[in-house]
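Novice: Taken in order, the sequence shown gives residues 54 to 127; the numbers are from our numbering.
Just so you know, even glycine gets a beta-carbon here, dropped at the ideal spot from N, CA and C.
Predicted, not measured: the structure shown is a model, and the values here were computed from it.
Below you will find the structure I want to go over with you.
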Amino acid sequence: MNSETTKPTQPSPLTRQEHNLLVQLAEGSTRTQVAKAWDISVSRVNLLMREVEKKLGARTTEHAVAIAIRSGWL
């Protein structure tokens with residue numbers, strides 16, 4: 054998802070799992086689909102997403118994706 058010309062403005066604060074979650078959601082997967090694919094509960098996906106939003110200062114999933122794209126992490 055990272056364009057070849059976008060360089061990260063700073064290191065990503067996200068763990069690999071949090072980053073992968075954002076990638077999946079940015080590509081259109083639902084939280085339920087991610088939970089099934091990863092064999093974890095939807096509650097765990099929701100918890101991971103809350104952590105992502107907190108780390109990025111985002112208000113919503115869409116906002117977190119936008120921040121990550123603008124920062125060059127996706």
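If you count every other CB in all the chains shown that lies within 10 Å of the CB of Ala90, and 16 or more means buried, which is it?
Specialist: exposed
Novice: Going by the CB atoms, is the gap between Glu71 and Glu104 shorter than 8 Å?
Specialist: yes
Novice: Considering Ser96, what are the terminal residues of the alpha helix (DSSP H) in which it resides?
Specialist: Val95 to Leu109
Novice: Exposed or buried, what is Leu100 when buried is set at 16 or more other beta-carbons lying within 10 Å of its beta-carbon?
Specialist: exposed
Novice: If I measure Cβ to Cβ from Gln86 and keep anything under 7 Å in the same chain, skipping five residues before and after, which residues do I get?
Specialist: Same-chain partners within the cutoff: there are none.
Novice: Which full runs of the alpha helix (DSSP H) of 4+ residues lie inside the region 56–94, going along the chain?
Specialist: Whole alpha helix (DSSP H) segments, 4+ residues: 69–79 and 84–91.
Novice: If we call anything under 8 Å between Cβ atoms a contact, is Val118 one with Leu75?
Specialist: yes
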